[in-house]
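Just below is one structure, and these are the notes that go with it.
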Amino acid sequence: MSHSSQFTLLGKRRFLPFFITQSLGAFNDNLFKQSLILAILYKLSLEGDRSIWVNLCALLFILPFFLFSALAGQFGEKFAKDALIRAIKLAEVAIMAIGAVGFLSGHLELMLLTLFAMGTHSALFGPVKYSILPQALHEQELVGGNGLVEMGTFLAILAGTIGAGVMMSSSDYASVVAGGIVGTAVLGYLASRWIPRAAAVAPQMPLDWNIFKQSWATLRLGLGQTPAVSRSIVGNSWFWFVGAIYLTQIPAYSKDWLHGDETVVTLVLTLFSVGIAVGSLLCERLSGRKVEIGLVPFGSFGLTLFGLLWWWHSGDVPVADAPHDWLSLLGLHQAWWIMASIIGLGVFGGFYIVPLYALIQARTPEQERARVIAANNILNALFMVVSALVTIGLLSVAKLSIPQLFLVVSLLNIAVNAYIFSIVPEFTMRFLIWLLSHSMYRVEHRDLDRIPDEGAALLVCNHVSFVDALLIGGAIRRPIRFVMYYKIYNLPVLNFVFRTAGAIPIAGHSEDAATYERAFARIAEYLQAGELVCIFPEGKLTADGEIDVFKGGVKRILQETPVPVIPLALQGLWGSFFSRDPAKGFLRRLWSRVTLVAGAAIPVEAAQPEVLREQVSALRGARR
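One gets the numbering used here by counting positions in the sequence shown from 1 and adding 48 to each.
This is the structure we're talking about:
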């Protein structure tokens, strides 16, 4: 498949109608919710503390995620997703019609009922929203598609929030809001009618209507997945914990610390949302169009860094005679570090969240995907409620300021993600590989689609540098078990990566017979389990840039476990810092272009060492 931009998905029927449908839904949720909050604060005649009603709105919208996400997960697997989306969107039209009546009549209870129903609508839509993507998109499009969805969602949330303010400023706000919410719901339903068929993955599955029992079972299913998936769910929910704290405090922070009016609130929300949209879109380019969880530690680092910068520079903005508007605030150089920190938080938030969503989708069994995403939604809602309680405790009980709250969140982010990365060291390993292939080298890939997506195969490659395994592992989507000289395997720092990747240390038979025999036994185990094993048949790093004689170990491997052999060649590594070139230098080949190229599979009966050497040499060509 050609490596076209993710934006080409917006021209494809298998993605565009769904993208429009979900974006309009996110827009309408926030248009109605924010309009209701503004009506409570400024328009309706109410007795008592209006903030209680505002907090009730937040509760009514999030409660359905606890109650109905498990049911939604079952729906998403039992029924065809396209038909289910249309049914949910038709229900949205009816719900918003009731909400419109509530606005036109000024009936608060009716509006609150509508808000709860819209929360239910969103809870039912969530598992379908994310589980349909792997069915509609090719593997290479999954990260880009998720990036577009996250971009559309956050920009729609922003547009809905701003749109509510504009509509509520009208003298005839009730009619304007009523028309806006119903019209948006109708457009969403019409867009959903163009979503292509997405068949049910478990049509025979019985439905369990006990929402409490099923919610617990769904959570256990989600958190009982492989460590990479279950900790990705926790990391995803942690992002919403952090995001909820920042978004909730923006209005008060803008007033008390930026000394701004309501336009400053809009500016900060815009910067944060645009930052997430940009980060989400950049994920595809930075990940090489594959699910690259190495971006998650990078995103986590940025969340902490820019959270600390936001705290550090708070208080720099001077007080004026009148509150700053957004334009006058941008004219203050003291505000620029704060604005940059907010954008940075958004961008790195995108780096953090998009790969996690893509990993959950890619590594969850298809027949469980909707329920696992439902578990993620339940946990998200729980973390957001906990974030509200933590915020109340730190601001009201501990008497912290809002910037100090940001400091605590940034430090907590270090602790939480250190826990996640320690449980699943694959995140850190992939980050080191990603960092290497995006800093010292520009790695290009050619014909890697010749490597099978599943099943055992033996990869053979020339051995040029100490980081060959890292570059190959970062280029190929499937996990690879590398066979490497034990002294390289034991190198500091790199040993962590090799151990995590399940590499196999080997020594010469005369050097350490036990290690030698143990290596071949592990190779056979991996191949029998259907995995990829990569060997460097030269048995050592090249000392002159040329490909040495291939040793006979490959013959023993294939005799014990006959599997196809895929020749690989690395081009452009000789002379780099990690090679044995006597003339190498750290800066001499910095950011050099390296190419990994794969050849056609060679059947077992033809895979003799001299034949393999010829194939690898031909693939490498004259470029060492």
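In this text, a Cβ means the ideal position worked out from N, Cα and C, and glycines have one as well. Treat the numbers as computed from the prediction; the structure is a model and nothing was measured.
Please name the residue, chosen from Trp482, Lys447, Leu353, that lies closest to Leu334 on a Cα-to-Cα basis. Start at 1 with the first residue of the sequence shown, and residue 334 comes out as number 286. Per the Cα distances, Trp482.
For a test of the three-state rule: what should DSSP assign to Met532, helix, strand or coil? As a working note, residue 532 is residue 484 in the sequence shown. Taken through DSSP and simplified to helix, strand or coil, Met532 comes out as strand.
Starting from the C-beta of Ile180, find all residues in its chain whose C-beta is less than 6 Å away, skip the five residues before and the five after it, and write them out in chain order. Here residue 180 refers to the residue found at position 132 when the sequence shown is read from its first residue. Scanning its chain for C-beta atoms nearer than 6 Å, with the 5 sequence neighbours on each side dropped, one finds around Ile180 the residues Lys129, Ala246, in chain order.
Does the ligand SAM have a heavy atom nearer than 8 Å to the CB of Ala370? Summarising the ligand content, the structure contains no ligands, and the ligand SAM is consequently not present.
In three-state terms, what does DSSP make of Val472? As a working mapping, residue 472 is identified with position 424 in the sequence shown. Val472: coil per DSSP, three-state reduction.
From which residue to which residue does the alpha helix (DSSP H) around Gln675 run? Shown here, the chain extends from 49 to 672; a query on residue 675 therefore has no answer.
Are Ala429 and Phe80 closer than 9 Å when you measure CB to CB? As a first step, residue 429 is located in the sequence shown; it is residue number 381 there, counting from the start. As a first step, residue 80 is located in the sequence shown; it is residue number 32 there, counting from the start. No, the Cβ-Cβ distance between Ala429 and Phe80 is not below 9 Å.
Looking at the structure shown, is Thr314 part of a helix, part of a strand, or coil, going by DSSP? Start at 1 with the first residue of the sequence shown, and residue 314 comes out as number 266. Collapsing the DSSP output to three states places Thr314 in a helix.
Following the continuous alpha helix (DSSP H) through His169, name the residue where it begins and the one where it ends. For this step, residue 169 is matched to residue 121 along the sequence shown. Its alpha helix (DSSP H) spans residues 156-179.
For Leu616, I'd like the list of residues in its chain whose CB is within less than 6 Å of its CB, leaving aside the five on either flank, ordered along the chain. Taking the sequence shown and counting its residues from 1, the one referred to as residue 616 is at position 568. Cβ neighbours of Leu616 within its own chain (closer than 6 Å, five residues either side excluded): Leu507, Cys509, Ala646.
For Thr590, count the other beta carbons within 10 Å of its own beta carbon; 16 or more makes it buried, fewer makes it exposed. Which is it? By 1-based counting over the sequence shown, the position of residue 590 is 542. So Thr590 counts as buried.
Could you name the residues of the same chain whose beta carbon sits closer than 7 Å to that of Val290, not counting the 5 residues immediately before and after it, in chain order? In the sequence shown, counting from the first residue as 1, residue 290 sits at position 242. Leu351, Val457, Asn461.
Coil, strand or helix - Thr439 by DSSP: If you number the sequence shown from 1, residue 439 lands on position 391. Helix, per DSSP.
Here's the rule I'm using: 16 or more other beta-carbon atoms within 10 Å means buried, otherwise exposed. How should Phe260 be labelled? As a position in the sequence shown, residue 260 is number 212, starting the count at 1. When all chains shown are included, Phe260 counts as exposed.
Look at the alpha carbon of Ser665 and the alpha carbon of Arg526, and state the distance between them as a whole number of angstroms. Translated into positions along the sequence shown, residue 665 becomes position 617. Translated into positions along the sequence shown, residue 526 becomes position 478. Using only the alpha carbons, I get a separation of about 24 Å.
What is the rounded straight-line gap between the Cα of Phe25 and the Cα of Thr168? Given a span of 49 to 672 for the chain in the structure shown, any question on residue 25 remains unanswerable.
Extent of the continuous alpha helix (DSSP H) run through Val214: The residue labelled residue 214 in the question sits at position 166 within the sequence shown. Where Val214 is concerned, the enclosing alpha helix (DSSP H) stretches over 190-216.
Enumerate in chain order the residues of its own chain whose CB-to-CB distance from Gln656 is below 8 Å, with the five nearest sequence positions on each side excluded. As a first step, residue 656 must be located in the sequence shown, where it is residue number 608. When the five nearest sequence neighbours on each side are left out, the beta carbons in the same chain lying within less than 8 Å of the beta carbon of Gln656 are those of Lys603, in order along the chain.
Rounded to whole angstroms, what's the CA-CA distance from Pro112 to Gly121? Just pull it up for me. To locate residue 112, count along the sequence shown from 1; it is residue 64. To locate residue 121, count along the sequence shown from 1; it is residue 73. Straight across, the Cα-Cα distance linking Pro112 with Gly121 is about 13 Å.
Would you call the stretch 188-198 and the stretch 314-329 in contact, with 3 or more CB pairs under 8 Å? Proximity of the stretch 188-198 to the stretch 314-329 meets the contact definition, three or more beta-carbon pairs being nearer than 8 Å.
Which partner residues of Ser513 appear in the DSSP bridge assignment? Locating residue 513 in the sequence shown gives position 465, where the first residue counts as 1. Under DSSP, Ser513 takes part in a beta bridge, and its partners are Ser627.
Provide the residue span of the beta strand (DSSP E) that contains Leu616, from first to last. If you number the sequence shown from 1, residue 616 lands on position 568. Here the beta strand (DSSP E) through Leu616 covers 613-619.
Where does Arg672 sit, in a helix, a strand or coil, going by DSSP? As a position in the sequence shown, residue 672 is number 624, starting the count at 1. It is coil, neither helix nor strand.
The alpha helix (DSSP H) spanning Ser376 covers which residue range? Taking the sequence shown and counting its residues from 1, the one referred to as residue 376 is at position 328. Here the alpha helix (DSSP H) through Ser376 covers 374-378.
What are the complete alpha helix (DSSP H) segments, minimum 4 residues, inside the stretch 544-599? The qualifying runs are 561-576.
Kindly indicate which three-state DSSP category Leu503 falls into: helix, strand or coil? Taking the first residue of the sequence shown as 1, we reach residue 503 at position 455. According to the sequence shown, residue 503 is Gly rather than Leu. Annotated three-state conformation of Gly503 is coil, per DSSP.
Taking all protein chains shown into account, do 16 or more other C-beta atoms lie within 10 angstroms of the C-beta of Ala577, making it buried, or fewer, making it exposed? Mapped onto the sequence shown, residue 577 falls at position 529. With a 10 Å radius around the Cβ and a threshold of 16 neighbouring Cβ atoms, Ala577 comes out exposed.
For Leu621 versus His493, is the C-beta distance shorter than 9 Å? Reading the sequence shown from its first residue, position 573 is the one you call residue 621. Reading the sequence shown from its first residue, position 445 is the one you call residue 493. With contacts defined as CB atoms closer than 9 Å, Leu621 and His493 fail to qualify as a contacting pair.
Taking the beta strand (DSSP E) that Ser640 belongs to, which residues open and close that run? Here residue 640 refers to the residue found at position 592 of the sequence shown. Counting along the chain, the beta strand (DSSP E) containing Ser640 begins and ends at 640-646.
With Ala418 and Glu189 assumed to form a contact (beta carbons below 8 Å), what rounded beta-carbon distance in angstroms separates them? As a first step, residue 418 must be located in the sequence shown, where it is residue number 370. As a first step, residue 189 must be located in the sequence shown, where it is residue number 141. The C-beta separation of Ala418 from Glu189 comes to about 20 Å, leaving the pair out of contact by the 8 Å criterion.
Which one of Val102, Ile391, Gly363, Phe469 has the shortest CA to CA distance from Thr296? Counting from one through the sequence shown, the residue named residue 296 turns up at place 248. Sorting Val102, Ile391, Gly363, Phe469 by C-alpha distance to the C-alpha of Thr296 places Val102 at the top.
Considering only residues of the same chain and omitting the five flanking positions on each side of Arg570, which have a CB-CB separation below 6 Å? Translated into the one-based positions of the sequence shown, residue 570 becomes position 522. Result list for Arg570: Ile552, in chain order.
Distance CB(Ile24)-CB(Met532) smaller than 9 Å: One cannot answer for residue 24 here, as it falls past the ends of the chain, which runs 49 to 672.
Compare the C-alpha of Ala505 against each of Val491, Ile605, Glu565, Arg478 and name the closest. Counted from its first residue, the sequence shown places residue 505 at position 457. For Ala505, the nearest C-alpha among the options comes from Ile605.
Return the CA-CA distance between Val395 and Ile324, expressed in angstroms with no decimal places. The sequence position of residue 395 within the sequence shown is 347, counting from 1. The sequence position of residue 324 within the sequence shown is 276, counting from 1. Distance from the CA of Val395 to the CA of Ile324, rounded to the nearest whole angstrom, comes to 5 Å.
Contact belief for Ser240 with Thr476 at Cβ below 8 Å, rounded distance in angstroms: In the sequence shown, residue 240 corresponds to position 192, counting from 1. In the sequence shown, residue 476 corresponds to position 428, counting from 1. Contact between Ser240 and Thr476 does not hold, since their C-beta atoms are separated by about 41 Å, which reaches or exceeds 8 Å.
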